[in-house]
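Mapping of the sequence shown onto our numbering: position 212 corresponds to residue 192, and the numbering continues sequentially without gaps. Quick reminder that beta carbons are idealized off the backbone N, C-alpha and C, glycines included.
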Amino acid sequence: MTGFARAEGAAGAASWIVEVKSVNGRALDLRTRQPSGLDGVEALARAEVSRLIRRGNITLNVNVSRTATTAPLRLNRDFLAQVLELAREIEGAGAAPPRLDALLAIRGVIDTGEEAEQPEDRAALEAAIGKTVTQAILALSTARLAEGARLVTVLAGHLEEIASLTEAAANTATLQPQALRDKLKAQVQALLEAVPALPEERLAQEAALLIAKADVQEELDRLRAHIAQARDMLAEGGAVGRRLDFLCQEFNREANTLCSKSADVELTRIGLSLKATIEQFREQVQNIE
């Protein structure tokens, strides 16, 4: 099932954007990308995705930006005094006096006001980003649920078409009792009149094969059972995508058998339409969780 969500957040000098999207997939696969040092965000994302989503390929991106702050420059006078004292000692030994730009270039003489990020600050940032990640994943789940609700109507329509075609197959003239009896009688008579005559054992085998091929009632009954089961799944809701995947295979099996047994143009036409509708149903099933 496809979907997309975006959420933003900010704290102090940092701001971030979280984007999460999903595409169809038979299993659940999450891929995340976030700045280094935010391992807790990935762990949170995996927990939330597993809680809300059952299958699909999920991609989550976290982009963090920091606002540049301009702190006033300060002269570290104590440190500079120590440097000058050393410079005078060196100068007394015959060295040239130090230049001003060289003195100011010494690390620690000029204090820029920047401080290393503390562990507690990193933890607070990670927690704030985690809330935005949760918000984005929840929005994605909501979008997927809305899409799923719309797909239920589409799937129900396909099931109605499958049911209609199944009954049309059952009502074809060639499957009516009298028509079946007449057809079998003619086929058996043709076997009896075959030249050279078939052995009695072979004749019985051929007759049994004709009867089995003419009887598609079992396939029709299974199709009806699968339709009822699919309707129950849609009414049940929840993560039924995989179960419907399996049911589509069963639908296809019965439709294929129906076509292979058909010796009638009308029944074959219905069987082919049935297979096409089942394929449309299967394609939509791939879009649900």
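| Asked | Found |
| --- | --- |
| Strictly under 8 Å for the Cβ-Cβ distance: is glutamate 106 near chain C by that measure? | Protein chains in the displayed structure number just one, and chain C is not present. |
| Spatial neighbours of isoleucine 258 within its chain, please: C-beta separation below 7 Å, excluding the five flanking residues on both sides. | Ile142, Cys228, Phe231, Asn232, Ala235 |
| Over the uninterrupted beta strand (DSSP E) stretch that includes aspartate 9, give me the two end residues. | 8 to 13 |
| For methionine -19, count the other beta carbons within 10 Å of its own beta carbon; 16 or more makes it buried, fewer makes it exposed. Which is it? | buried |
| Sorted by chain position, which residues of the same chain lie with C-beta nearer than 7 Å to glutamine 156's C-beta, five sequence neighbours on each side aside? | The pLDDT assigned to glutamine 156 is 45, lower than 50, so where the model puts this residue is not dependable; a value taken from the coordinates is nonetheless given after this. Closer than 7 Å at Cβ, skipping near neighbours: no residue. |
| Pull up the distance between the alpha-carbon of asparagine 41 and that of arginine 6, whole angstroms please. | 22 Å |
| Tell me the DSSP secondary structure of threonine -18 in three-state form. | coil |
| In chain order, what residues of the same chain have a beta carbon less than 8 Å from the beta carbon of alanine 96, not counting five sequence neighbours either side? | At alanine 96, the pLDDT of 49 sits below 50, so the modelled position is not reliable; the number obtained from the coordinates is stated separately. For alanine 96, where only same-chain residues beyond five positions count, there are no Cβ hits under 8 Å. |
| Give me, in chain order, the residues of the same chain whose beta-carbon lies closer than 8 Å to that of alanine -9; leave out the 5 immediate sequence neighbours on both sides. | Ala104, Leu105, Ala108 |
| Any chance the stretch 246 to 266 sits against the stretch 133 to 147, with 3 or more Cβ pairs inside 8 Å? | yes |
| With respect to the beta strand (DSSP E) encompassing arginine 46, which residues constitute its N-terminal and C-terminal limits? | 36 to 46 |
| Looking only at C-alpha atoms, which of Ala23, Asp201, Ser2 sits nearest to lysine 111? | Ala23 |
| Going by C-alpha to C-alpha distance, which of Trp(-4), Thr39, Ser16, Gly20 sits closest to serine 45? | Trp(-4) |
| Have a look at arginine 138 and leucine 131 and give me their C-alpha separation to the nearest angstrom. | With the sequence shown as reference, residue 138 is identified as histidine, and arginine is not the correct amino acid for it. For histidine 138 and leucine 131, the distance between alpha carbons rounds to 11 Å. |
| Using the three-state DSSP reduction, which class does arginine 233 fall into: helix, strand or coil? | helix |
| Taking the DSSP output, what are the residues bridged to lysine 255? | Lysine 255 pairs with nothing; no bridge assigned. |
| Going by DSSP, what residue range makes up the alpha helix (DSSP H) through alanine -6? | Here alanine -6 belongs to no alpha helix (DSSP H); instead the beta strand (DSSP E) covers -6 to 3. |
| Let me know the secondary structure DSSP gives alanine -9 once reduced to three states. | strand |
| For threonine 122, count the other beta carbons within 10 Å of its own beta carbon; 16 or more makes it buried, fewer makes it exposed. Which is it? | exposed |
| So the alpha helix (DSSP H) glycine 137 belongs to, where does it begin and stop? | 99 to 150 |
| Could you check how far apart the C-beta atoms of alanine 238 and alanine 129 are, in whole angstroms? I think they sit under 8 Å. | Note that residue 238 is leucine in the sequence shown here, rather than alanine. Incorrect: roughly 33 Å between the Cβ atoms, too far for contact. |
| State whether the stretch 196 to 211 contacts the stretch 0 to 20, with contact taken as three or more CB pairs (one from each stretch) at a distance under 8 Å. | no |
| What separation, rounded to the nearest whole angstrom, lies between the Cα atoms of isoleucine 86 and arginine 57? | 13 Å |
| Report yes if the C-beta distance between serine 242 and arginine 124 is below 8 Å; otherwise report no. | no |
| Residue range of the alpha helix (DSSP H) that serine 30 falls in? | 19 to 32 |
| Where does arginine 87 fall in DSSP's three states? | strand |
| Can the beta-carbon of leucine 83 be found less than 8 Å from the beta-carbon of valine 63? | yes |
| Between which two residues does the alpha helix (DSSP H) containing glutamate 216 stretch? | 197 to 216 |
| Compare the beta carbon distance of glutamine 266 and asparagine 37 with 8 Å and say whether it is the shorter of the two. | no |
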